[in-house]
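Let me begin by presenting the structure, written as structure tokens, before commenting on it.
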Amino acid sequence: MLDVRRLHMLKTVTARGSIAAAAQALGLSAGAVSQQLSALRRDVGVDLLRPDGRTVALTEAGRVLLEHADRILAAVQEAESAVASVRGTVGAAVTLAALPSTVARIVAPALHELGVRHPRLTVTCLVTDQAQLRELTLGAVDVVLGQRYHHLPDATPRGVAVSPLLDDPLLVVTAAGQADERPVALRELATHSLAVPPATTDCGQAILHAFHQAGFTATTPYITADIAAQLTLARAGLATALVPRTAIDPATPGIRTAPIEDHPILRRLFAATRHTETTNPTTAAVVAALRTAAREGRAEVRTPPLPPA
Numbered sequence: 001m002l003d004v005r006r007l008h009m010l011k012t013v014t015a016r017g018s019i020a021a022a023a024q025a026l027g028l029s030a031g032a033v034s035q036q037l038s039a040l041r042r043d044v045g046v047d048l049l050r051p052d053g054r055t056v057a058l059t060e061a062g063r064v065l066l067e068h069a070d071r072i073l074a075a076v077q078e079a080e081s082a083v084a085s086v087r088g089t090v091g092a093a094v095t096l097a098a099l100p101s102t103v104a105r106i107v108a109p110a111l112h113e114l115g116v117r118h119p120r121l122t123v124t125c126l127v128t129d130q131a132q133l134r135e136l137t138l139g140a141v142d143v144v145l146g147q148r149y150h151h152l153p154d155a156t157p158r159g160v161a162v163s164p165l166l167d168d169p170l171l172v173v174t175a176a177g178q179a180d181e182r183p184v185a186l187r188e189l190a191t192h193s194l195a196v197p198p199a200t201t202d203c204g205q206a207i208l209h210a211f212h213q214a215g216f217t218a219t220t221p222y223i224t225a226d227i228a229a230q231l232t233l234a235r236a237g238l239a240t241a242l243v244p245r246t247a248i249d250p251a252t253p254g255i256r257t258a259p260i261e262d263h264p265i266l267r268r269l270f271a272a273t274r275h276t277e278t279t280n281p282t283t284a285a286v287v288a289a290l291r292t293a294a295r296e297g298r299a300e301v302r303t304p305p306l307p308p309a
């Protein structure tokens, strides 16, 4: 009989590209992963992986087995959720992956609420902007607080359930005293020195897309994904920054914020879990807490909804 844990290792190795990377993600030694994969190979009687440069790739038999493994692992997840639903209580542990820009205004309030409502629940929070939904599909995390910018198509992986939380606009941030709080036409920024994220990030792409729509190429002497650095440059009068509303503490001294009036740049924040037919009480509790925290933020941010993808 096939071992579910070994199937999960095969899936992880395939996604990570190497046994070493999979071992690191699984918290195991590379030797332990290799031994389990060798045992899986003996179980099926055929090679499942082959060298591919510095990585590994599936053989044809490995590809076929992985297709079945995805369905088997999904069924196991469904069974776990069904049992948890019958039990009707929140579990003991859950892992949340969240964007750095959401920690202060959404994640921290949500974790506080979870601590009050479910004191026995231990939440491990991974603050990262890298491949959260892939980590969700691999089972490395249980809930993702992610984002999608309005100009990008919906690329939600199969088997993932998404709950929209908040439409979050980017605001124009300058040093206090350099501008008033009136809405800013995006083309006005053509004459500004800007601090923006790299073009390789979703936010950087969204900003460049908006500039293109507005018909200009911006001057961007400061390239950084660090929002604290962007705000510091703005406060010093060295640059104008474009920062998501939820990432700005309203009490931050020395800055002034203004909305964009003509080409708004919006991101949709969402909570994502692995899709199951039966609601898992533990992940549902986390999503509910994130939704409550986002609702408080929504009361402060009055923006039009995102256009369809």
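All residue numbers for the sequence shown refer to the UniProt record's numbering, where the first residue is 1 and numbers rise by one. Even for Gly, the Cβ is constructed at its ideal location relative to N, Cα and C.
- Look at Ala175 here: in three-state DSSP terms it is strand.
- Exposure of Val83 is indicated by the presence of fewer than 16 other C-beta atoms within 10 angstroms of its C-beta.
- DSSP lists Leu266 as the beta-bridge partner residues of Pro169.
- For Gln130, the three-state secondary structure derived from DSSP is coil.
- Look at Ser193 here: in three-state DSSP terms it is strand.
- Per DSSP, the continuous alpha helix (DSSP H) segment holding Arg235 begins and ends at Ile227 to Arg235.
- About 6 Å separates the beta carbon of Glu277 from that of Glu78, a gap short enough to meet the 8 Å contact definition.
- Put simply, the backbone Cα of Arg41 is about 33 Å away from that of Asn280.
- Between Asp249 and Ala108, the C-beta gap is not smaller than 8 Å, which leaves the two residues out of contact.
- Residue burial is scored here from C-beta neighbours: Pro157 has fewer than 16 other C-beta atoms within 10 angstroms and is therefore classed as exposed.
- CA-to-CA, the gap between His275 and Thr191 works out to about 47 Å.
- Note on Leu2: under 16 other CB atoms within 10 angstroms of its CB, so exposed under the neighbour-count rule.
- Taking all protein chains in view, the Cβ of Ile223 is surrounded by fewer than 16 other Cβ atoms within 10 Å, so the residue is classified as exposed.
- Of the candidates Arg50, Gly254, Thr257 and Leu7, Leu7 places its Cα closest to the Cα of Leu26.
- Check the Cα spacing between Asp154 and each of Val286, Ala288, Leu269 and Val243: the tightest is with Leu269.
- For Ile223, the enclosing beta strand (DSSP E) stretches over residues Thr219 to Ile223.
- Secondary structure of Leu10 (DSSP, three-state): helix.
- With a cutoff of 8 Å on beta-carbon distance, Leu171 and Ala258 are scored as near each other.
- Contact check for Gly146 and Ala272: beta-carbon distance about 6 Å, within the 8 Å limit, so the pair qualifies.
- With respect to Arg256, Ala176 sits close: the two C-beta atoms are nearer than 8 Å.
- Annotated as distal: Val123 and Pro100, with beta-carbon spacing of 8 Å or more.
- By the CB criterion at 8 Å, Leu48 and Thr59 fall inside the cutoff.
- In this chain, Leu58 is not harboured by any alpha helix (DSSP H); it is covered by the beta strand (DSSP E) spanning Thr55 to Leu58.
- Selection Gln36, Gln24, Ala234 and Leu266 evaluated against Leu166 yields Leu266 as nearest (Cα-Cα).
- Take the alpha-carbon of Arg182 and the one of Val287: they are about 35 Å apart.
- Between the alpha carbons of Gln35 and Thr95 lies a gap of roughly 27 Å.
- Here the C-alpha atom of Ile207 lies approximately 39 Å from the C-alpha atom of Leu10.
- Per DSSP, reduced to three states, the secondary structure at Ile19 is helical.
- Shown here for Ala199: same chain residues with a beta carbon closer than 8 Å to its own, the five before and five after excluded, namely Gln205 and Leu208 in chain order.
- An exposed status is given to Arg5, since fewer than 16 other beta-carbon atoms sit within 10 Å of its beta-carbon.
- Under the three-state reduction of DSSP output, Asp249 falls in the coil class, being neither helix nor strand.
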